[in-house]
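A.B. asks: Following this message is one structure expressed as structure tokens.
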Amino acid sequence: MRLFHLDSSLRTDGSVSRDLAGCFQDAWLKGHPGADVTYRDLATDQVPHLAHATQMAALTPKDLRTADQNAAIALSEELARELLDADVYLFSSPIYNWGVPSQLKAWFDHVALDRSLFGEAPALAGRPAVLVMAKGGAYGPGTPREGWDYAEPWLRRMLGEVMRLDLEVIAAELTLAGVNPALNHLQDVADASLAAARAAVVARAEGLGGRVAA
Ligand SMILES: Cc1cc2nc3c(=O)[nH]c(=O)nc-3n(C[C@H](O)[C@H](O)[C@H](O)COP(=O)(O)O)c2cc1C
């Protein structure tokens with residue numbers, strides 16, 4: 164049993180998305196003592212933007228690739244292999260400028276070169292996954308910025324619909340309360356959102372424990 168865990172917040176201290184991911188991992192490991200974890204930290208080990216040479220190597224049949232092409236695609240293949248080799252998936256992401264962190268988009272551009280992860284029968288289809296998110300603002304129905312969050316819908320599309328992971332999304336909102344004075348009056352709502360998110364990730368991990376053991 165192997166958990167794939169990816170963090171993408173630029174900050175390693177005080178990150179809410181990393182905190183939620185850590186809660187999930189701790190709870191999941193309690194149900195799977197000794198399980199393996201593949202960890203990717205896109206802040207401390209950044210993935211470069213996709214290069215044309217890498218894309219061309221992906222389009223070249225393996226047995227016809229030059230040494231340069233093999234080198235150009237080595238990282239992309241390693242990233243895809245990490246996904247293929249796991250059983251359970253944990254992704255964490257903030258919202259930056261109403262989208263996903265660019266380092267996370269770059270990671271997707273690399274793994275998307277492996278077409279086995281997409282198409283009619285994606286290799287990861289049906290495997291359990293959780294996406295935890297931290298959002299400085301709030302984007303629910305009736306909020307002033309409803310519809311501005313392009314990060315969560317895009318990640319749902321990629322992970323849930325394209326890769327067809329069995330995805331649950333858990334988000335803490337209003338993490339900028341206490342940082343942005345305009346949001347300070349919403350501190351109680353922010354605290355409740357974080358507490359609910361923490362409880363939800365633990366429940367998801369415990370639920371998966373039962374399912375995997377069954
Ligand atoms: C570069 C940058 C851009 C951000 N853009 C947004 C944004 O568009 N909308 C939003 O709600 N919060 C935004 N935030 C706030 C973060 O989403 C929030 O601080 C979140 O908690 C960050 O995740 P973390 O706690 O895991 O680091 C931004 C933060 C940074 C650093």
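First residue of the sequence shown? That's 164 in the numbering used here, and the numbers climb one at a time after it.
We treat Cβ as the ideally placed atom computed from N, Cα and C, and that holds for glycine.
In chain order, what residues of the same chain have a beta carbon less than 6 angstroms from the beta carbon of Arg367, not counting five sequence neighbours either side?
C.D. replies: The count along the sequence shown starts at 1 and reaches residue 367 at position 204. The residues are Val293, Glu331.
A.B. asks: How many Å lie between Asp226 and Ile236 at the Cα?
C.D. replies: On the sequence shown, residue 226 is found 63 positions in, with the first residue counted as 1. On the sequence shown, residue 236 is found 73 positions in, with the first residue counted as 1. Taking the straight line joining both Cα atoms gives about 13 angstroms.
A.B. asks: For ligand 1, list every residue whose C-beta falls under 5 angstroms from any of its heavy atoms, going in chain order.
C.D. replies: So the residues near ligand 1 by this Cβ test are Ser172, Arg174, Ser178, Val179, Ser180, Pro257, Ile258, Tyr259, Asn260, Trp261, Ala297, Lys298, Gly299, Gly300, Thr338.
A.B. asks: If distances are taken between C-alpha atoms only, which option among Asp204, Phe167, Glu283 comes closest to Leu247?
C.D. replies: Residue mapping note: residue 247 aligns to position 84 of the sequence shown, counting from 1. Among Asp204, Phe167, Glu283, the Cα nearest to that of Leu247 is on Phe167.
A.B. asks: Just to check my reading of the structure: Leu205 and Trp270 have Cβ atoms closer than 8 angstroms, yes? What is that Cβ distance to the nearest angstrom?
C.D. replies: Position 42 of the sequence shown, counted from the start, is the residue given in the question as residue 205. Position 107 of the sequence shown, counted from the start, is the residue given in the question as residue 270. At roughly 6 angstroms, the Cβ-Cβ gap stays under 8 angstroms, so Leu205 and Trp270 are in contact.
A.B. asks: Would you identify the three-state DSSP class for Ala198, choosing helix, strand or coil?
C.D. replies: Start at 1 with the first residue of the sequence shown, and residue 198 comes out as number 35. Coil.
A.B. asks: Between Val179 and the rest of its own chain, which residues show a CB-CB distance below 6 angstroms, the 5 nearest in sequence each way excluded?
C.D. replies: By 1-based counting over the sequence shown, the position of residue 179 is 16. Closer than 6 angstroms at Cβ, skipping near neighbours: Ala297, Ala335, Thr338.
A.B. asks: What are the boundary residues of the alpha helix (DSSP H) that includes Pro316?
C.D. replies: Residue 316 sits at position 153 when you count from the first residue of the sequence shown. Start and end: 314-318.
A.B. asks: Output the boundary residues of the alpha helix (DSSP H) element that contains Arg165.
C.D. replies: Locating residue 165 in the sequence shown gives position 2, where the first residue counts as 1. First-last for Arg165: 165-170, but that is the beta strand (DSSP E), not the alpha helix (DSSP H).
A.B. asks: Start and end of the beta strand (DSSP E) containing Leu294?
C.D. replies: Along the sequence shown, one-based indexing puts residue 294 at 131. From DSSP, the beta strand (DSSP E) with Leu294 extends over 291-297.
A.B. asks: Out of Arg244, Ala220, Met326, Leu213, which has the shortest C-alpha to C-alpha gap to Leu287?
C.D. replies: By one-based count along the sequence shown, residue 287 stands at place 124. Of the listed residues, the one whose Cα sits closest to Leu287 is Met326.
A.B. asks: Between the C-alpha atoms of Ala249 and Thr207, what's the straight-line distance to the nearest angstrom?
C.D. replies: Working through the sequence shown from its first residue, we reach residue 249 at position 86. Working through the sequence shown from its first residue, we reach residue 207 at position 44. If I take the Cα positions, the gap works out to 22 angstroms.
A.B. asks: Drop a sphere of 10 angstroms on the beta-carbon of Ala377, count the other beta-carbons inside from all chains shown, and report buried for 16 or more, exposed for fewer.
C.D. replies: Start at 1 with the first residue of the sequence shown, and residue 377 comes out as number 214. For Ala377, the predicted model reports a pLDDT of 39, less than 50, meaning its position is unreliable; a value from the coordinates is still stated below. Exposed is the call here.
A.B. asks: Taking all protein chains shown into account, decide if Val342 is buried (16 or more other Cβ within 10 angstroms of its Cβ) or exposed.
C.D. replies: Stepping through the sequence shown from its first residue, residue 342 is reached at position 179. Its Cβ having fewer than 16 others within 10 Å, Val342 is exposed.
A.B. asks: Measuring only the C-alpha atoms, how far is Ser255 from Leu371?
C.D. replies: One-based indexing of the sequence shown puts residue 255 at position 92. One-based indexing of the sequence shown puts residue 371 at position 208. Approximately 17 angstroms, taken between the alpha carbons.
A.B. asks: CB-CB under 6 angstroms to Val375, same chain, minus the five flanking residues each way: which ones, in chain order?
C.D. replies: On the sequence shown, residue 375 is found 212 positions in, with the first residue counted as 1. Note that Val375 scores a pLDDT of 45, beneath 50, so its modelled location is shaky; the value from the coordinates is reported in the next line. Closer than 6 angstroms at Cβ, skipping near neighbours: no residue.
A.B. asks: Hey, out of Ala301, Val365, Met164, whose CA is closest to Ala345's CA?
C.D. replies: Here residue 345 is taken as the residue at index 182 of the sequence shown, counted from 1. Of Ala301, Val365, Met164, the residue nearest in Cα terms is Ala301.
A.B. asks: Count the other C-beta atoms from every protein chain shown that fall within 10 angstroms of the C-beta of Thr217, then say buried if there are 16 or more, exposed otherwise.
C.D. replies: As a first step, residue 217 is located in the sequence shown; it is residue number 54 there, counting from the start. Burial call: buried.
A.B. asks: List the DSSP bridge partners of Gly185.
C.D. replies: Here residue 185 is taken as the residue at index 22 of the sequence shown, counted from 1. Paired residues: none, contrary to the question.
A.B. asks: Roughly how many angstroms separate the alpha carbons of Ala353 and Leu267, rounded to a whole number?
C.D. replies: Stepping through the sequence shown from its first residue, residue 353 is reached at position 190. Stepping through the sequence shown from its first residue, residue 267 is reached at position 104. If you take the alpha carbons of Ala353 and Leu267, they lie about 25 angstroms apart.
A.B. asks: Suppose the cutoff is 8 angstroms on Cβ atoms and the five residues either side in sequence are ignored; what does the same chain contact list for Gln232 look like?
C.D. replies: As a first step, residue 232 is located in the sequence shown; it is residue number 69 there, counting from the start. Around Gln232: Ala216, Met219, Ala220, Thr223.
A.B. asks: Sorted by chain position, which residues of the same chain lie with C-beta nearer than 6 angstroms to Ala360's C-beta, five sequence neighbours on each side aside?
C.D. replies: Against the sequence shown, residue 360 aligns to sequence position 197. So the list reads Leu183, Ile333, Ala335, once near-sequence residues are dropped.
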